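Reviewing the structure listed below.
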Amino acid sequence: MTAFQPRVFSGVQPTGNLHLGNYLGAVSRWVPLQDQMETIFCVVDLHAITASFPEQGELQSATREVTAAYMAAGIDPKKSIIFNQSQVRAHAELAWIFNCVARMGWLSRMTQFKEKAGKNRENASVGLFAYPNLMAADILAYRATHVPVGDDQKQHLELTRDIAQKFNNDFADRIKELGVGVPNPTPSPELPEELYFPITEPMITGPATRIMSLRDGTKKMSKSDPSDLSRINLTDDADSIAKKIRKAKTDPDALPSEIKGLEGRPEADNLVGIYAALAGHTKEEVLKDFGGEQFSAFKPALADLAVAKLAPLTKEMRRLTSDPAEIDRILKDGAEKAAAIADPILADVRKIIGFLDVA
Ligand code: AQP
Numbered sequence: 118m119t120a121f122q123p124r125v126f127s128g129v130q131p132t133g134n135l136h137l138g139n140y141l142g143a144v145s146r147w148v149p150l151q152d153q154m155e156t157i158f159c160v161v162d163l164h165a166i167t168a169s170f171p172e173q174g175e176l177q178s179a180t181r182e183v184t185a186a187y188m189a190a191g192i193d194p195k196k197s198i199i200f201n202q203s204q205v206r207a208h209a210e211l212a213w214i215f216n217c218v219a220r221m222g223w224l225s226r227m228t229q230f231k232e233k234a235g236k237n238r239e240n241a242s243v244g245l246f247a248y249p250n251l252m253a254a255d256i257l258a259y260r261a262t263h264v265p266v267g268d269d270q271k272q273h274l275e276l277t278r279d280i281a282q283k284f285n286n287d288f289a290d291r292i293k294e295l296g297v298g299v300p301n302p303t304p305s306p307e308l309p310e311e312l313y314f315p316i317t318e319p320m321i322t323g324p325a326t327r328i329m330s331l332r333d334g335t336k337k338m339s340k341s342d343p344s345d346l347s348r349i350n351l352t353d354d355a356d357s358i359a360k361k362i363r364k365a366k367t368d369p370d371a372l373p374s375e376i377k378g379l380e381g382r383p384e385a386d387n388l389v390g391i392y393a394a395l396a397g398h399t400k401e402e403v404l405k406d407f408g409g410e411q412f413s414a415f416k417p418a419l420a421d422l423a424v425a426k427l428a429p430l431t432k433e434m435r436r437l438t439s440d441p442a443e444i445d446r447i448l449k450d451g452a453e454k455a456a457a458i459a460d461p462i463l464a465d466v467r468k469i470i471g472f473l474d475v476a
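Counting from 118, one number per residue, gives the positions in the sequence shown under the numbering used here.
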């Protein structure tokens with residue numbers, strides 16, 4: 118290989134209803150990439166057991182639901198590989214190897230672990246702590262070059278880059294000897310001339326990289342927030358969407374006409390960002406149209422837009438989930454294609470490390 122093949126990898130956990138943050142920050146942004154490079158989209162079910170084991174049956178239905186959401190949003194199984202993580206063994210195998218590459222200190226700095234473990238740190242699973250190593254394995258099992266995600270994943274992607282860098286450095290001689298390396302596209306003193314793993318590029322752009330809770334503009338919109346009013350689920354009907362936007366926390370001032378007027382106003386900034394992302398506009402354009410308006414006028418316009426954009430998606434999700442056998446067929450086909458890419462990469466990794474291969 119003379120260069121890394123441009124390849125996108127991303128995923129969502131099947132831990133509950135997908136919300137507007139997952140849609141605007143991740144899934145909707147994957148759609149145009151399908152026509153630009155090879156794309157692999159995973160339902161990351163191994164990540165879904167790090168907090169607790171779901172009830173029997175829940176993982177199956179949530180996995181199918183997330184798959185349906187991908188397709189309803191425009192991910193086309195003819196253009197992209199769609200599969201669930203647990204069906205491709207390479208993820209877990211590479212994650213173990215990365216457990217031995219990553220340093221305790223690196224993982225101890227991960228803010229998401231601190232937030233999710235909270236005060237109950239001693240009782241958190243080892244899986245929750247090592248989650249970023251599995252995420253690095255998800256990406257690097259395909260030697261993916263680009264990863265489109267929301268802003269909350271930035272630190273984990275930096276860790277993926279650190280793991281790739283350390284592996285490339287630690288095994289530089291072996292990679293060269295085996296002839297499995299790729300010339301480093303951006304030569305630097307920190308890296309050898311040939312790399313096995315690419316130094317993945319995060320793709321975190323646009324007005325919706327971090328959608329905030331509708332109840333608190335300083336907290337991320339999240340599946341695990343106990344208040345359902347804090348998020349718009351992709352399964353919400355038109356009335357719920359309108360109600361949640363009507364009840365969204367705001368301040369008493371009118372919308373500003375310039376972007377700097379949103380500073381120090383997290384709730385206003387969030388709603389303007391949501392409008393911009395749904396309409397495919399910039400925040401500046403939204404403020405050009407709504408600057409000077411009260412929330413009493415802006416919120417109904419936002420609710421109409423959200424319903425117009427999400428209702429067809431919800432309808433299509435319902436149609437797709439009514440045929441679970443077809444979803445399973447797509448996931449099976451995707452898993453075979455994904456394994457066909459990842460298995461030879463894992464075979465190289467085993468050789469690079471030096472395991473006895475008895476096959
Ligand atoms: N609020 C958000 N704004 C923008 N992007 C977001 N993402 C998540 N929340 C927002 C992006 O969605 C993708 C999949 O995320 P995930 O569900 O696999 O994990 P998460 O980030 O942990 O999502 P949640 O909703 O916050 O789940 P819980 O409550 O379980 O922690 C990622 O690209 C993520 O950036």
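We treat Cβ as the ideally placed atom computed from N, Cα and C, and that holds for glycine.
As the structure is a prediction and not an experimental result, all values here were calculated from the model.
Its chain contains 340, 350, 351, 352 as the residues whose beta carbon lies nearer than 7 Å to that of residue 134, once the 5 sequence neighbours on both sides are disregarded; these appear in chain order.
Shortest gap from the CB of residue 267 to any heavy atom of ligand 1: under 7 Å.
Secondary structure at residue 299: strand, using DSSP grouped into helix, strand and coil.
Secondary structure of residue 138 (DSSP, three-state): helix. One Cα belongs to residue 160, the other to residue 216, and the distance between them is close to 22 Å. Bounds of the beta strand (DSSP E) holding residue 320 are 318-320.
According to DSSP, residue pairing for residue 155 in a beta bridge involves 124.
If you draw a straight line from the Cα of residue 303 to the Cα of residue 311, it comes to about 10 Å. For residue 343, there is no enclosing alpha helix (DSSP H), since its DSSP letter is neither H nor E. Residue 400 and residue 386 have their C-alpha atoms spaced approximately 9 Å apart. If you check the CB distance, residue 120 and residue 129 do not come in under 8 Å.
For residue 441, the enclosing alpha helix (DSSP H) has its first and last residue at 441-470.
With a cutoff of 8 Å on beta-carbon distance, residue 155 and residue 123 are scored as near each other. One Cα belongs to residue 247, the other to residue 230, and the distance between them is close to 9 Å.
DSSP lists no bridge partner for residue 166. Not one heavy atom of ligand 1 falls within 7 Å of the beta-carbon of residue 176. Between ligand 1 and the CB of residue 227, the shortest heavy atom gap is not smaller than 7 Å. Counting of Cβ neighbours within 10 angstroms places residue 390 among the buried residues, the total reaching 16 or more.
For residue 237, there is no enclosing alpha helix (DSSP H), since its DSSP letter is neither H nor E. In this structure, residue 186 has its beta carbon at no less than 7 Å from each heavy atom of ligand 1.
If you check the C-beta of residue 141 against ligand 1, you find a heavy atom less than 7 Å away. Relative to the non-hydrogen atoms of ligand 1, the Cβ of residue 326 comes within a distance shorter than 7 Å of at least one. Distance from the CA of residue 453 to the CA of residue 405, rounded to the nearest whole angstrom, comes to 49 Å. DSSP places residue 201 inside the beta strand (DSSP E), whose first and last residues are 198-201.
When DSSP states are grouped into helix, strand and coil, residue 266 belongs to the coil group. The shortest C-alpha to C-alpha distance from residue 137 to any of 240, 328, 168 is the one to 328. Remark: C-beta atoms of residue 383 and residue 317 do not approach each other more closely than 8 Å. The segment 186-206 and the segment 279-294 do not touch, with fewer than 3 CB-CB distances between them shorter than 8 Å. The closest CA to that of residue 240, considering only 412, 169, 417, is found on 169.
A direct Cα-Cα distance of roughly 16 Å separates residue 140 from residue 199. The residue among 362, 228, 212 with its C-alpha nearest the C-alpha of residue 244 is 212. Under the criterion of beta carbons closer than 8 Å, residue 162 and residue 203 qualify as touching, at roughly 5 Å. Taking C-beta atoms as the reference points, residue 423 and residue 470 fail to come closer than 8 Å. Look at the beta carbons and you see the segment 410-428 touching the segment 361-381: at least three pairs across the two are nearer than 8 Å.
Assigned with DSSP and collapsed to three states, residue 337 falls in strand.
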